[in-house]
Amino acid sequence: SQQGEEDPQALSIQEGENATMNCSYKTSINNLQWYRQNSGRGLVHLILIRSNEREKHSGRLRVTLDTSKKSSSLLITASRAADTASYFCATPHTGNQFYFGTGTSLTVIP
Amino acid sequence: GAGVSQSPSNKVTEKGKDVELRCDPISGHTALYWYRQRLGQGLEFLIYFQGNSAPDKSGLPSDRFSAERTGESVSTLTIQRTQQEDSAVYLCASSISYEQYFGPGTRLTVT
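So the sequences go chain by chain: S and X. Just so we're on the same page, the numbering used here is the position in the first sequence counted from 1, plus 489. Going by the numbering used here, -2 is the number at position 13 of the second sequence; the sequence numbering is gapless.
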């Protein structure tokens, strides 16, 4: 099974609200990344957090990493309709592989 | 600058035909990945190229799948004798570190 798994699978919120999605993984990692995908096409890198970091900010994004619980969360504050997309976490795996979870589908209602 | 490009953007083929998908990575990116994404699913790793090293083919689902890359430039993913279960979006990504830059994908439909 895939290592990085996001929850919830789907999330629907009103514009202006905050959106939180979570990612759990199984093995030790040295970094974790979050990506966004619009309309089932190419993914866009959002943020990378290293294993020695607990929290990282980028604009309206806040990512946390808890290596003891093997989990990460992505918070999008003051959501906008344009934030509607699928969000994936990615963790390095053995060799050169990255595990991408099945994603959280976020819908922001205007 | 130019991002990762893929062609064709859409491909419809009959079962049993061969298809070739193309990926043009960002110039200077030594690493190149191919992924498959079925509808509503996550990304499935297929193959990884790093410079002139031997590719990591561990994700290829069957011997009908193959990929090539010339140096640090264009890569092609070939699927022989396509099956309906091959229908998916095929994504290519290039990188020079952990961050991957994705192309728009090729949507393959096998009828």
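In this text, a Cβ means the ideal position worked out from N, Cα and C, and glycines have one as well. Since we're looking at a predicted model, the values are computed, not measured.
| query | Roughly how many whole angstroms lie between the Cα atoms of T94/X and R66/X? | reply | Within the second sequence, numbered from 1, the residue matching residue 94/X stands at position 109. Within the second sequence, numbered from 1, the residue matching residue 66/X stands at position 81. Each residue's Cα considered, the two are about 13 Å apart.
| request: Determine, using beta carbons only, whether G90/X comes closer than 8 Å to chain S. | output: By one-based count along the second sequence, residue 90/X stands at place 105. Yes, its Cβ sits closer than 8 Å to a Cβ of chain S.
| message | If you reduce the DSSP assignment to three classes, tell me which class G88/X lands in. | response | Numbered from 1 along the second sequence, position 103 holds the residue referred to as residue 88/X. Looking at G88/X - three-state DSSP - the assignment turns out to be coil, as it is neither helix nor strand.
| task | Could you say which of L563/S, K558/S, S568/S lies nearest to I598/S if we only look at CA atoms? | result | For the purposes of this step, residue 598/S is identified with residue 109 of the first sequence, where counting begins at 1. Considering only L563/S, K558/S, S568/S, the residue with the shortest C-alpha distance to I598/S is S568/S.
| field | Delimiting residues of the beta strand (DSSP E) encompassing P46/X | value | Here residue 46/X refers to the residue found at position 61 of the second sequence. Under the DSSP assignment, P46/X falls outside any beta strand (DSSP E); it carries neither an H nor an E label.
| said: Tell me the rounded alpha-carbon separation between I11/X and G36/X. | reply: Counting from one through the second sequence, the residue named residue 11/X turns up at place 26. Counting from one through the second sequence, the residue named residue 36/X turns up at place 51. Going from the Cα of I11/X to the Cα of G36/X covers about 13 Å.
| Relative to the C-alpha of C512/S, which residue among R530/S, H534/S, Y576/S is closest? | Position 23 of the first sequence, counted from the first residue, corresponds to residue 512/S. Checking every option, the nearest Cα to that of C512/S belongs to Y576/S.
| field | Test: T556/S CB closer than 8 Å to a CB of chain X | value | The sequence position of residue 556/S within the first sequence is 67, counting from 1. Not an interface residue.
| If you draw a straight line from the alpha carbon of E544/S to that of F30/X, how long is it in whole angstroms? | As a working mapping, residue 544/S is identified with position 55 in the first sequence. As a working mapping, residue 30/X is identified with position 45 in the second sequence. Roughly 28 Å between the two C-alpha positions.
| Three-state class that DSSP yields for A39/X in the structure shown | Mapped onto the second sequence, residue 39/X falls at position 54. When DSSP states are grouped into helix, strand and coil, A39/X belongs to the coil group.
| message | For E544/S, list the residues DSSP reports as bridge partners. | response | Taking the first sequence and counting its residues from 1, one reaches residue 544/S at position 55. Here E544/S is bridged, per DSSP, to T553/S.
| field | chain A contacts from the stretch 20 to 31 of chain X (Cβ-Cβ distance under 7 Å) | value | Included in the structure are the protein chains S and X, with no chain A among them.
| query | So which residues of chain S does Q68/X contact, with C-beta pairs closer than 9 Å? | reply | In the second sequence, counting from the first residue as 1, residue 68/X sits at position 83. Under the 9 Å cutoff, chain S gives no residues; its nearest Cβ is about 21 Å from Q68/X.
| request: Report back the beta-carbon spacing between T591/S and E506/S to the nearest angstrom; my notes put them in contact at under 8 Å. | output: Looking up residue 591/S in the first sequence gives position 102. Looking up residue 506/S in the first sequence gives position 17. Here T591/S is actually not in contact with E506/S; their C-beta atoms are around 23 Å apart, not less than 8 Å.
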